[in-house]
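K.L.:
Whatever position you read off the sequence shown (first residue = 1), add 9 for the numbering used here. Have a look at the structure that comes next, please.
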Amino acid sequence: MGLNASVLVIMGSTRSGRVCPMIAEWILRLARERADFHYELIDLADWRLPLDDEPAIPATGRYAQEHTRAWSEKINSAQAVVFVTPQYNWGYPAALKNAIDHLHREWRDKPAVIITYGGHGGTKCSEQLKQVAEAVKLRLVSIRPALVLPEAVIREGLALDPHRDFSDHVASVHSAFAELADVLN
Ligand SMILES: Cc1cc2nc3c(=O)[nH]c(=O)nc-3n(C[C@H](O)[C@H](O)[C@H](O)COP(=O)(O)O)c2cc1C
């Protein structure tokens, strides 16, 4: 599969004023240093996936809605996924759960990385996401980077500078993508 592998970097936050895109871009830069795949950033805000318009359960693979079929094709087209998500009230955002729950077989056996952020790195939502990822049979790499957001960024809206603020986490992000490369190559 090697260098042609397509890797989707799925952002967990759809909130206005979110820091997720800045963090995802920073992660993409580090990823490209470790593993030369074709990366695509996925903004769930661009994917309108209503909660309540599929009559069959996703495990049947019978999708009534065009947007679900498009989402299915997008995930099927990739060889791996990377979740970049904030922690919200110890969990991960509803938009991300909804995007995962829209599909089923598409996730099976796909290598995956979980990267979280929050005041303590988002470790609680990382655990939750790991459990759900295991339910849909994603193949998680063992390293789950947990990026610590400065208190002033969360509480006072100070601008985040990933290069400066996450310097302690470069090694773990590199390691996670090195693991992913081992699985995909
Ligand atoms: C609804 C909500 C719940 C939050 N809960 C937590 C939390 O449990 N732990 C934490 O460290 N930060 C929490 N935060 C702060 C987020 O880490 C911070 O706002 C971060 O910027 C969110 O990512 P985003 O800007 O990409 O959406 C919460 C933020 C929101 C909006």
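The beta carbon of each residue, even a glycine, is placed where N, CA and C say it ideally should be. All figures in this text were calculated on a predicted structure; none of them were measured in a lab.
On the DSSP bridge list, what partners appear for Asp52?
P.N.:
To locate residue 52, count along the sequence shown from 1; it is residue 43. Partner(s): Met20.
K.L.:
Is the segment 59-79 in contact with the segment 127-138, if contact means three or more CB pairs nearer than 8 Å?
P.N.:
Too few Cβ pairs lie closer than 8 Å, so no.
K.L.:
What did DSSP end up calling Leu167 once you bin it into helix, strand or coil?
P.N.:
Position 158 of the sequence shown holds residue 167. Leu167 falls in the coil class under three-state DSSP.
K.L.:
Quick one: using the 10 Å Cβ neighbour count with 16 as the cut-off for buried, is Gly166 buried or exposed?
P.N.:
Taking the first residue of the sequence shown as position 1, residue 166 is located at position 157. Flag for Gly166 reads exposed.
K.L.:
In the DSSP assignment, what are the bridge partners of Leu156?
P.N.:
Along the sequence shown, one-based indexing puts residue 156 at 147. Beta-bridge pairing links Leu156 to Tyr126.
K.L.:
Terminal residues of the continuous beta strand (DSSP E) containing Pro95?
P.N.:
As a working note, residue 95 is residue 86 in the sequence shown. Ala89 to Pro95 is the span of the beta strand (DSSP E), which, as asked, contains Pro95.
K.L.:
What is the chain-ordered set of residues for which the beta carbon lies under 6 Å from any non-hydrogen atom of ligand 1?
P.N.:
Taken from the N-terminal end onward, the list reads Ser22, Arg24, Arg27, Val28, Cys29, Pro95, Gln96, Tyr97, Asn98, Trp99, Gly127, Gly128, His129, Leu158 and Ile163.
K.L.:
If you draw a straight line from the alpha carbon of Ala14 to that of Thr77, how long is it in whole angstroms?
P.N.:
To locate residue 14, count along the sequence shown from 1; it is residue 5. To locate residue 77, count along the sequence shown from 1; it is residue 68. Taking the straight line from one Cα to the other gives about 23 Å.
K.L.:
With DSSP as the reference, label Leu193 as helix, strand or coil.
P.N.:
Walking along the sequence shown from the start, residue 193 turns up at place 184. Of the three classes helix, strand and coil, the one that applies to Leu193 here is helix, per DSSP.
K.L.:
Taking the alpha carbon of Gln140 as the reference point, which residue from Lys106, Glu115, Asp170 and Pro171 has its own alpha carbon closest?
P.N.:
Residue numbering aside, residue 140 sits at position 131 when the sequence shown is read from its first letter. For Gln140, the nearest C-alpha among the options comes from Lys106.
K.L.:
Does the distance from the C-beta atom of Ser22 to that of Pro102 stay below 7 Å?
P.N.:
Along the sequence shown, one-based indexing puts residue 22 at 13. Along the sequence shown, one-based indexing puts residue 102 at 93. The answer is yes: Cβ separation under 7 Å.
K.L.:
Drop a sphere of 10 angstroms on the beta-carbon of Ala108, count the other beta-carbons inside from all chains shown, and report buried for 16 or more, exposed for fewer.
P.N.:
Position 99 of the sequence shown, counting from 1, holds the residue named residue 108. That one is buried.
K.L.:
Where His7 and Thr94 are concerned, what is the direct C-alpha to C-alpha distance, given to the nearest angstrom?
P.N.:
Only positions 10 to 194 of the chain appear in this structure, which leaves residue 7 out of reach.
K.L.:
Using only CA atoms, which one of Pro120, His183 and Leu37 lies nearest to His47?
P.N.:
As a working note, residue 47 is residue 38 in the sequence shown. His47 has its Cα closest to that of Leu37, out of Pro120, His183 and Leu37.
K.L.:
Following a CB-centred definition, is Asn13 positioned closer than 6 Å to any heavy atom of ligand 2?
P.N.:
This structure does not include ligand 2; its bound ligands are ligand 1.
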